[in-house]
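**Q** Sharing a structure below in structure tokens format, with a few things to ask.
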Amino acid sequence: MRNWVRGGATLIGVWIADDFSLALGRWGVASAARVVHGHVIFAALCLLSNRDMALMAEFLLMSSVLASAHGRLGYFWHITDLHWDIHYGTESHNCWHGGGGGGRDGGQQQFGDHNCDSPWSLIQSAVRMMRDKHGDNIEFVLWTGISYYFNSLSRKSGRLPSHSLNALKNLTTLLRNTFSSQFVFPVMGHDDPIYPYRHLTTLWKQWLPNEALYTLSKGGYYTIEQKVRKLRLVLLNTNLWAASQNNDEDPENQWLWLEDVLQKSQRNKETVYLVGHVAPGADERQAMPTRKSILPRHNAKYLDLVRRYANIITGQFFGHLHSDSFRVIYSDDGKPVSWIFLAPSVTPRRTQSGSNNPALRLYKFDTDTGQVQDYVQYYLDLSTANRDHRAEWQIEYNLTSYYGFRQVSARDLHELAESFTVPDGHLLFSRYYLANSVQTSGLGLHDVNAAWAHSHYCAISRVDYTQYQSCLATGARALAASTSLGSRTTHSNKLLLIILGYLASVTR
């Protein structure tokens, strides 16, 4: 594999300008703004003149260049859950008739509908945006499934294997032609074609070395190492651990392989990214019944491995839930030691957990250490795009500016999650909640529901299923105890009663 390292002072300057503009837009000039890479924190305590603004921008640029002298900055895209619906727009598959896509007449929408998966026009616009924004200046692309949407009729007709494989071929061709000079590292989603794995090696051989193709053909997983730098990518087949799979303790020997890879990385002083489709833990938007995508024994084993190798795991990247969220993993003595980022989907289809606008994510990282410095979240306002017949992707937020992080770390994410549980943190939770649905569900400061906030907090900070259930129960009882017996039943109180009732039923 080639060395991924590239430079670019121009790109750094553009990123700083984006960061600074977002900070001003989100927080205001007179408020404290955290800016640029987590290395520079500038407190703007008074209104600034144009000259002061220019001097600040120059200062930030120089500081950024100096800060990056210890490690080269790189960028990578994360695209997930495309769900291409090849039947979109046909008379026999009129999913949009339920409304929800922004059209006045309830008819087909050009760029998609919240009742449907992605039309080809949406996927093309997403990939085109990736190329136009940062096409030549990226190190790689993470593509974490799912490629193709199929309905129950497709399953019953027996057309699933050929249709899904053809869809995967078309999407692979689109990404290969768009990123002709970069590597795309794909993983399988739960609806992607699984067997035989050799089909995948044929499709993806232009991106993967022989040793990666070998394990991909055997079990659908592989690892990528750099020859010069010390960052290793480990791409997992989470389908093997999903609830719908068999009861093998180690399906396709993935656990044995993974631990061997992590042991070697630790000996070689490498840092590691773990990449997959389905993340461990519960769905933060569906507390009851708990949505467990990974079987409990595999969920527990994954967390155990992350705790043991937390000193070399510098990033974990997943999709599947379609929402924008994160998870924090703790050591046995309760210290935050690792984080997981869950990227929102391209498909806008409403799930049982909620809906979202189409989204893409661009990460900035230190290519020497793998340390994530920041990311920019892009999104497409679906209603506006359909109304104007034009897909204009835009920046939704910048991670460090949006939440005021000093750096991207398990500690900072832990502190953010903890803030959701106290009244002073309601502003941060309302910002998180808006991002969680990619601008489709907003809360005003006075609309924050303590039960909702606690449910998200439990999913974020209690990735172990048993601890998650305990967290829900503790929060529900505490909130119920704080409610006066004579008060009227609100939506929040109803949710508390539902939670308590469900927890009582599963513990009988």
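Add 4 to a position in the sequence shown, counting from 1, and you land on the number used in the numbering used here. Built from N, CA and C at the ideal position, the CB exists for glycine as well.
Tell me whether the segment 391 to 401 and the segment 412 to 420 touch, counting them as touching only if at least three CB pairs, one residue from each stretch, are closer than 8 Å.
**A** no
**Q** Would the segment 252 to 268 and the segment 125 to 133 be scored as touching if the rule is three or more Cβ pairs under 8 Å?
**A** no
**Q** Relative to the C-alpha of Y382, which residue among S465, G374, E400 and C120 is closest?
**A** E400
**Q** In terms of alpha-carbon separation, which member of R312, N303 and K137 lies closest to R466?
**A** N303
**Q** Tell me which residues share the same chain as R135 and place their Cβ nearer than 8 Å to its Cβ, disregarding the 5 neighbours each side in the sequence.
**A** Taken in chain order, the residues that qualify are T182 and F183.
**Q** What did DSSP end up calling H194 once you bin it into helix, strand or coil?
**A** H194 falls in the coil class under three-state DSSP.
**Q** Would you check if the distance between the CB atom of V191 and the CB atom of G223 is smaller than 7 Å?
**A** For V191 and G223, no; Cβs fall outside 7 Å.
**Q** Determine, using beta carbons only, whether L126 and G139 come nearer to each other than 7 Å.
**A** no
**Q** Look up W397 in the DSSP assignment and say whether it is helix, strand or coil.
**A** In this structure, W397 counts as coil in the three-state DSSP scheme.
**Q** Pull the bridge partners of L431 from the DSSP assignment, please.
**A** According to DSSP, which records beta bridges pairwise, L431 is partnered with nothing at all.
**Q** According to DSSP, L235 sits in a beta bridge with which residue or residues?
**A** Per DSSP, T275.
**Q** In whole angstroms, what is the alpha-carbon distance linking V188 and W81?
**A** 9 Å
**Q** Give me, in chain order, the residues of the same chain whose beta-carbon lies closer than 7 Å to that of R163; leave out the 5 immediate sequence neighbours on both sides.
**A** Note that R163 has pLDDT 43, beneath the 50 cutoff, so the model's placement of it is unreliable and no number is given.
**Q** Would you kindly check if the distance between the Cβ of R233 and the Cβ of T371 is under 7 Å?
**A** yes
**Q** Out of curiosity, what's the CA-to-CA distance linking P362 and S387?
**A** 11 Å
**Q** When the Cα atoms are used, what is the spatial distance from S445 to N272?
**A** The straight-line gap from Cα to Cα measures roughly 45 Å.
**Q** Give me the Cα-Cα distance between K305 and I90, rounded to the nearest whole angstrom.
**A** 37 Å
**Q** Ordered along the chain, which non-local residues of its own chain (more than five positions away) have a Cβ less than 7 Å from that of N440?
**A** S327, D328 and S329
**Q** In or out: R202 buried (at least 16 other Cβ within 10 Å) or exposed?
**A** exposed
**Q** From the DSSP output, in three-state form, read off D378 for me.
**A** strand
**Q** Taking D336 as the reference, give the member of L244, F369, Q471 and D385 with the closest Cα.
**A** When only C-alpha atoms are compared, the closest one is Q471.
**Q** Helix, strand or coil for G223, going by three-state DSSP, please let me know.
**A** helix
**Q** Given a cut-off of 7 Å on the beta-carbon distance, is the pair I333 and V350 in contact?
**A** Taking C-beta atoms as the reference points, I333 and V350 fail to come closer than 7 Å.
**Q** Along the chain, where does the beta strand (DSSP E) containing H320 start, and where does it finish?
**A** According to the sequence displayed, residue 320 carries Gln and not His. It spans I317 to F322 - the beta strand (DSSP E) in which Q320 sits, taken as one unbroken run.
**Q** Please go through the same chain and pick out, in chain order, the residues whose beta-carbon is closer than 8 Å to the beta-carbon of V279, but skip the five residues on each side of it.
**A** L146, T148, F189, V191, L237, V238, L239, L240, Q320, F321 and F322
**Q** I believe R354 touches N119 by the beta-carbon criterion, under 8 Å. Please report the beta-carbon distance rounded to the nearest angstrom.
**A** About 6 Å separates the beta carbon of R354 from that of N119, a gap short enough to meet the 8 Å contact definition.
**Q** Three-state secondary structure (DSSP) at W88?
**A** strand
**Q** Could you spell out where the alpha helix (DSSP H) holding R202 opens and where it closes?
**A** R202 to W208
**Q** When DSSP labels each residue in this structure, what does H82 get in the three-state scheme?
**A** strand
**Q** Could you check whether Y226 and A216 sit closer than 7 Å to each other, using their CB atoms as the reference points?
**A** yes
**Q** By how many angstroms is the C-alpha of L366 removed from the C-alpha of I142?
**A** 9 Å
**Q** Helix, strand or coil, according to DSSP, for S342 in the structure here?
**A** strand
**Q** Buried or exposed: where does P348 fall if 16 or more other Cβ atoms within 10 Å of its Cβ makes it buried?
**A** buried
**Q** Which same chain residues, not among the five before or five after Q473, have their C-beta less than 6 Å away from its C-beta?
**A** none
**Q** Could you check if N390 is buried or exposed, using at least 16 other CB atoms within 10 Å of its CB as the buried criterion?
**A** buried
**Q** From V282 to D392, what does the alpha carbon distance come to, in whole angstroms?
**A** Straight-line measurement puts the Cα of D392 at about 35 Å from the Cα of V282.
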